[in-house]
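Residue numbers (our numbering), protein chains in the order written: chain C, 1 to 129; chain E, 130 to 258.
One structure below.
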DNA sequence: GAAGACCCTGGAGTGCGCTCCAGGTCAAGC
DNA sequence: GCTTGACCTGGAGCGCACTCCAGGGTCTTC
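Structure below.
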């Protein structure tokens, strides 16, 4: 009978992370549970683990700090009854992401203007050459 | 005759940075020139300095690493003749920013979906209460 | 039963981008 | 002439998020 679930190497490849990062997330309390082990003590990631970590990577890559992800994980681990707090945490993050998107977009506009002016200048030079 | 230009405190306030950060940028080669000093050795930021630093903050807050900003500053300091390289640097940054915006936007979509499901769940609870 | 591949733990190390001193100079106000 | 406050320099320190060992176990393959 083959062990169920993915090895840490497979999970890392699936999720686009490294094995070190997966161990670090677990040690740091970002996961919902200790990842189950096979008889020799190696981690076997199950679908539920992978799905949760996928959410973690989404929160992380939208800029949520580790400590907030941990807080959210704590709330989920605590079980039903704190849905308002979870929602508030996600909504606050959403607002922050929207703020950042707006800021980056605005700055990008100014940078693209500068790119345009370089392109124009180089075009002029070519034409006059 | 009053000294011309802004003090470091004023410049920091104008730009939304700290005095420490301004000194750090200068020491690290992100500026186009050593900021001019008043007779007692204090920095006086002139309009040209402030405008350049404003560009630096735009590059920084769209995620360009310090070392790339420094590289761009070096090109501009080197004077005319490297416009292609400057343009390439900015274009590469633009592509990276667009990639990130797309990624964040996609992840945000998934997070908003989750927010929606919490809102629905809480609404159900209220209704049944 | 030796070699190689994979995994384990605890803990140290790294890169980035600031941020914060300590100790000192200088100009203005009382 | 003394305090106060803003600024100076060089350099140490910090928070974050990993990343990288050293030393050791286990499983498979030959």
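Even glycine gets a Cβ: it sits at the ideal position worked out from N, Cα and C.
Contact of residue 253 (chain E) with chain C is not assigned, every C-beta pair being separated by 8 Å or more. Going by DSSP, residue 249 (chain E) is part of the alpha helix (DSSP H) stretching over 212-257. Closest in alpha carbon position to residue 222 (chain E), among E:200, E:143, E:152, is E:200. Chain C places no beta carbon closer than 8 Å to that of residue 175 (chain E), leaving this residue out of the contacts. In the three-state DSSP reduction, residue 33 (chain C) falls in the coil class, being neither helix nor strand. Counting along the chain, residue 24 (chain C) sits inside the alpha helix (DSSP H) bounded by residues 19-27. Using a Cβ distance threshold of 8 Å, residue 50 (chain C) and residue 14 (chain C) count as a contacting pair. At a Cβ-Cβ threshold of 8 Å, residue 242 (chain E) and residue 87 (chain C) do not count as neighbours. Residue-level contact check: residue 164 (chain E) does not touch chain C, since none of the beta carbons of chain C fall below 8 Å from its beta carbon.
Residue burial is scored here from C-beta neighbours: residue 24 (chain C) has fewer than 16 other C-beta atoms within 10 angstroms and is therefore classed as exposed. Only 188, 190, 191, 192, 212, 213 from the stretch 188-214 of chain E bring a Cβ to less than 8 Å from some Cβ of chain C. Shown here, residue 51 (chain C) sits in a helix according to DSSP, grouped into three states. Interface flag for residue 223 (chain E) against chain C is set, since a Cβ pair is found closer than 8 Å.
Around the beta carbon of residue 42 (chain C), fewer than 16 other beta carbons sit within 10 angstroms, so the residue counts as exposed.
Against chain C, a Cβ distance below 7 Å from residue 236 (chain E) picks out 58, 61, 62.
The alpha-carbon separation between residue 11 (chain C) and residue 90 (chain C) amounts to approximately 25 Å. Using a Cβ-Cβ cut-off of 8 Å, residue 118 (chain C) counts as an interface residue toward chain E, since at least one Cβ of chain E sits closer than that to its own. Within chain C, the C-beta atoms nearer than 7 Å to that of residue 250 (chain E) come from 83, in chain order.
DSSP, read as helix, strand or coil, puts residue 71 (chain C) in helix. Beta-bridge analysis with DSSP links residue 172 (chain E) to E:166. Residue 239 (chain E) has its alpha-carbon roughly 24 Å from the corresponding atom of residue 28 (chain C). Annotation: residue 120 (chain C) to residue 253 (chain E) spans about 58 Å, alpha carbon to alpha carbon.
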